[in-house]
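Novice:
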Amino acid sequence: MHLVITLFLSDHIGLQYTNCVTVHWQLCTPLSATQPGKNEITVKIKKITPHLIHGPQPYMASAGEESGTVRPYIFVQVETDEGITGWGEVTNSTPAHNAAVTSLLLQSNDLIAGDDVSHIEAIWHKIFRAYTYMGSRGLTTSIISGIDIAMWDIRGKLLGCPIYSLLGGPVRDRISLYTHPNGGPSVAGIARSAKAIAESGHTALKTDPFPQTAEERATPYGFLSGQVDAATENVGMETIAAIREAVGPDVEVLIDAHGRFDVPTAIRLATRLAEFDIGWFEEPVPPESYPALRQVKSEVPVPICVGERLFTRFDFLPVLEEGLADFLMPDVTWTGGITELRKISSLAETFYIPVSPHDASGPVNILAGAHTMMTVPNFYKLETMRADLSAYNAFIDHPLDIRNGHLHLSDRPGLGIELDIDYLKANAINVAT
Ligand SMILES: [Mg+2]
Numbered sequence: 015m016h017l018v019i020t021l022f023l024s025d026h027i028g029l030q031y032t033n034c035v036t037v038h039w040q041l042c043t044p045l046s047a048t049q050p051g052k053n054e055i056t057v058k059i060k061k062i063t064p065h066l067i068h069g070p071q072p073y074m075a076s077a078g079e080e081s082g083t084v085r086p087y088i089f090v091q092v093e094t095d096e097g098i099t100g101w102g103e104v105t106n107s108t109p110a111h112n113a114a115v116t117s118l119l120l121q122s123n124d125l126i127a128g129d130d131v132s133h134i135e136a137i138w139h140k141i142f143r144a145y146t147y148m149g150s151r152g153l154t155t156s157i158i159s160g161i162d163i164a165m166w167d168i169r170g171k172l173l174g175c176p177i178y179s180l181l182g183g184p185v186r187d188r189i190s191l192y193t194h195p196n197g198g199p200s201v202a203g204i205a206r207s208a209k210a211i212a213e214s215g216h217t218a219l220k221t222d223p224f225p226q227t228a229e230e231r232a233t234p235y236g237f238l239s240g241q242v243d244a245a246t247e248n249v250g251m252e253t254i255a256a257i258r259e260a261v262g263p264d265v266e267v268l269i270d271a272h273g274r275f276d277v278p279t280a281i282r283l284a285t286r287l288a289e290f291d292i293g294w295f296e297e298p299v300p301p302e303s304y305p306a307l308r309q310v311k312s313e314v315p316v317p318i319c320v321g322e323r324l325f326t327r328f329d330f331l332p333v334l335e336e337g338l339a340d341f342l343m344p345d346v347t348w349t350g351g352i353t354e355l356r357k358i359s360s361l362a363e364t365f366y367i368p369v370s371p372h373d374a375s376g377p378v379n380i381l382a383g384a385h386t387m388m389t390v391p392n393f394y395k396l397e398t399m400r401a402d403l404s405a406y407n408a409f410i411d412h413p414l415d416i417r418n419g420h421l422h423l424s425d426r427p428g429l430g431i432e433l434d435i436d437y438l439k440a441n442a443i444n445v446a447t
């Protein structure tokens with residue numbers, strides 16, 4: 015039987031997908047197996063290629079954005095010596111981060127090219143520790159995330175299985191989503207968009223209702239005083255009042271504060287928002303200070319959510335131990351990939367804290383989070399940056415299957431999609447390396 019299976023695999027690897035259980039036994043090579051036995055194969059990482067690209071038009075505008083904004087994405091292509099390619103994503107919000115990630119991904123070839131793709135955990139730790147004196151979280155975990163997701167994609171393709179089947183199997187059959195209204199900057203436009211989201215079957219939506227202050231406009235992505243003027247605050251309250259009226263009492267309205275506020279401002283805004291029965295107040299203060307978060311958490315009458323700027327289980331553990339949040343929202347493309355998202359979720363499970371993965375990027379982020387959450391008992395909802403994600407169809411071969419506010423995963427191997435390499439090359443953004 016042993017030999018028969020080996021011949022079967024040798025004939026088909028890279029050509030078609032095979033039975034998961036049968037092939038899995040073949041691909042589990044020991045870490046020290048520099049000379050695999052005759053019944054084993056070793057698939058090695060051949061090349062890592064980051065693709066920093068301009069996204070497709072039209073890009074749906076949301077509150078405060080110009081319609082037609084071109085969104086950049088970073089996808090990670092991991093090629094193997096057996097011809098199987100895996101895809102990851104590391105898209106971030108800032109051009110500076112995108113450029114740094116792209117450069118470091120290129121350099122990661124020196125670190126892990128030639129490594130066995132079945133050793134996902136070992137490669138995770140190899141990269142994590144390689145940059146320890148620079149800081150093993152943030153930029154480092156972004157690199158890890160893109161490569162880790164791609165390696166799980168490769169593993170699924172090699173074994174003929176969707177990723178969720180490799181993580182313990184599904185505990186649910188679909189992924190509940192929440193998304194964002196657009197139509198801004200007018201309050202009426204945002205409320206109309208929120209109503210449309212509710213009518214599409216989504217049971218939750220999220221927005222940052224507070225317009226940028228003059229101080230913030232002067233410093234993109236900046237935080238200086240963390241204070242807002244009365245007019246800005248009142249626009250935010252008016253917006254949430256209009257959304258609540260538009261969607262009724264049964265739709266969750268989540269507030270993203272984007273870490274914009276100091277402690278007294280965050281406490282005041284969250285307390286005022288409580289009258290609208292908000293589902294959570296997200297990142298009330300910048301992510302660096304757990305004491306600030308602790309003070310806000312102890313003084314507001316609404317649930318708190320944090321996590322898109324926390325990296326690895328090491329950042330999440332004190333949040334859980336000190337009871338600083340009611341919901342966690344790790345980003346699978348920033349916090350350490352599928353491997354780490356699964357560990358953070360298990361850690362949260364021991365505190366009975368729900369996990370609601372963050373998305374502010376592209377389709378690989380959504381799918382990687384969804385595959386992981388298919389196996390996580392304490393999953394809450396998965397974020398999608400927009401309700402209509404059809405723009406992604408310009409560069410993925412299978413549209414995301416979203417119906418009635420839920421994402422349905424296919425049984426195709428790996429993530430279940432391929433990216434259009436011609437599109438990626440044609441829309442490349444060059445950065446200095
Ligand atoms: Mg957020």
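Throughout, our numbering is defined as the position within the sequence shown, counted from one, plus 14. The C-beta atom is built at its ideal place from N, Cα and C for all residues, glycine as well. None of the values given here were measured: they were computed from a predicted structure.
#1: Name, in chain order, the residues that DSSP records as bridge partners for W138.
#2: Output the residues surrounding ligand 1, defined as those with a CB atom closer than 6 Å to any ligand heavy atom, in chain order.
#3: Exposed or buried, T347, counting other C-beta atoms within 10 Å across all chains shown (16 or more means buried)?
#4: Can you say whether R258 is buried or exposed, counting buried as having 16 or more other CB atoms within 10 angstroms of its CB?
#5: For A244 and A284, what's the separation of their Cα atoms in angstroms?
#6: Taking all protein chains shown into account, decide if T48 is buried (16 or more other Cβ within 10 angstroms of its Cβ) or exposed.
#7: Which complete beta strand (DSSP E) runs does the region 394-442 hold, if anything under 3 residues is left out?
#8: Kindly indicate which three-state DSSP category I292 falls into: helix, strand or coil?
#9: Contact between the region 219-235 and the region 428-447: three or more CB pairs below 8 Å?
#10: In the DSSP output, what is I318 paired with across the bridge?
#11: Kindly indicate if chain B contains any beta-carbon less than 8 Å away from that of S375.
#12: Starting from A218 and walking both ways along the alpha helix (DSSP H), at which residues does that stretch end?
#13: Could you tell me which uninterrupted beta strand (DSSP E) segments, each at least 3 residues in length, are contained entirely in the region 81-157, listed from first to last along the chain?
#14: Is it buried or exposed, G321, if we count other Cβ atoms within 10 angstroms and call 16 or more buried?
#15: Straight-line CA distance for E296 to V277?
#16: Strictly by DSSP, which residues pair up with S190?
#17: Determine, using beta carbons only, whether P305 and R323 come nearer to each other than 8 Å.
#18: Should S159 and A374 be called a contact, given that it needs their Cβ atoms to be closer than 8 Å?
#19: What is the rounded straight-line gap between the Cα of L307 and the Cα of K140?
#20: Given this structure, state the Cα-to-Cα distance separating P70 from Y437, to the nearest angstrom.
#21: Excluding the five sequence neighbours on either side, which residues of its own chain have a C-beta within less than 6 Å of the C-beta of S76, listed in chain order?
#22: Quick check on H272: does DSSP put it in helix, strand or coil?
#23: Smallest Cα separation from T155: which of Y192, R327 and F409?
#24: Could you tell me how far apart the beta carbons of P413 and S424 are, in whole angstroms, since I believe they sit closer than 8 Å?
#25: Only counting the same chain, and skipping five residues up and downstream in sequence, which positions put a Cβ closer than 6 Å to that of E79?
#26: Using the Cα positions of T349 and G152, report the straight-line distance between them to the nearest angstrom.
#27: Just to check my reading of the structure: N123 and L66 have Cβ atoms closer than 8 Å, yes? What is that Cβ distance to the nearest angstrom?
#28: By the DSSP assignment, the beta strand (DSSP E) with T227 in it spans what residues?
#29: Tell me the residue span of the alpha helix (DSSP H) that contains H385.
#30: If you draw a straight line from the C-alpha of I88 to the C-alpha of V242, how long is it?
#31: With distances taken Cα to Cα, identify the nearest neighbour of E213 among Y192, G293 and A382.
#32: Note down, in chain order, each residue of its chain lying with its Cβ closer than 7 Å to the Cβ of Y394, except the 5 sequence neighbours on either side.
#33: In terms of DSSP beta bridges, what is D369 paired with?
#34: Just list the residues that DSSP pairs K58 with in beta bridges.
#35: Residues in its own chain within less than 8 Å of W138 by CB, not counting five upstream and five downstream?
#36: I need the straight-line Cα distance from I410 to S303, nearest angstrom please.
Specialist: Inspection of the coordinates gives the following:
#1: DSSP, once it has assigned bridges, lists no residue as partnering W138.
#2: So the residues near ligand 1 by this Cβ test are D270, H272, E296, E297 and E322.
#3: Looking at its Cβ environment, which holds 16 or more other Cβ atoms inside 10 Å, T347 is buried.
#4: R258 should be labelled buried.
#5: Distance between the alpha carbons of A244 and A284 is about 15 Å.
#6: Unreliable positioning characterises T48 in this predicted model, as indicated by a pLDDT of 46, which lies under 50. A coordinate reading is not provided.
#7: Given a length threshold of 3 residues, each whole run of the beta strand (DSSP E) inside the region 394-442 is given here in chain order: 415-417 and 420-422.
#8: Of the three classes helix, strand and coil, the one that applies to I292 here is coil, per DSSP.
#9: The answer is no - the region 428-447 does not touch the region 219-235, with fewer than three Cβ pairs under 8 Å.
#10: In the DSSP output, where bridge partners are listed per residue, I318 has F295.
#11: In summary, chain B is missing from the structure at hand, where a single protein chain is found.
#12: Unbroken run through A218 is the beta strand (DSSP E), A218 to T221; no alpha helix (DSSP H).
#13: 86-94 and 99-103, all fully within the region 81-157.
#14: Around the beta carbon of G321, 16 or more other beta carbons lie within 10 angstroms, which makes this residue buried.
#15: E296 and V277 have their alpha carbons spaced roughly 13 Å apart.
#16: In DSSP, S190 forms a bridge with H420.
#17: No, the Cβ-Cβ distance between P305 and R323 is not below 8 Å.
#18: No, these two residues do not count as a Cβ contact at 8 Å.
#19: K140 has its alpha-carbon roughly 32 Å from the corresponding atom of L307.
#20: Cα to Cα, P70 sits roughly 10 Å from Y437.
#21: Per-residue confidence for S76 stands at a pLDDT of 44, beneath the threshold of 50, marking its modelled position as unreliable; no derived number is given.
#22: Reduced to three states, the DSSP call for H272 is coil.
#23: If we check each option's Cα against that of T155, R327 comes out closest.
#24: About 11 Å separates the CB atoms of P413 and S424; that is not less than 8 Å, and the two are not in contact.
#25: With a pLDDT of 43 at E79, under the threshold of 50, the modelled position of that residue is not reliable, and the figure given next carries that caveat. Nothing listed; no residue qualifies.
#26: Rounded to whole angstroms, T349 to G152 spans 7 Å at the Cα level.
#27: Actually they do not touch by this definition, with Cβ atoms about 16 Å apart.
#28: Where T227 is concerned, there is no enclosing beta strand (DSSP E), given that its DSSP letter is neither H nor E.
#29: Element bounds for H385: P377 to M387.
#30: I88 and V242: Cα-Cα distance of roughly 33 Å.
#31: Per the Cα distances, Y192.
#32: Cβ contact annotation for Y394 (same chain, cutoff 7 Å, sequence separation greater than five): F341, P368, V369 and S370, in chain order.
#33: In the sequence as displayed, the identity of residue 369 is Val instead of Asp. Listed as beta-bridge partners of V369 by DSSP are L342 and F393.
#34: According to DSSP, K58 bridges with D130.
#35: The beta carbon of W138 is closer than 8 Å to those of I158, D162, G350, G351, T353 and E354 in its chain, skipping five residues each way along the sequence.
#36: Using only the alpha carbons, I get a separation of about 39 Å.
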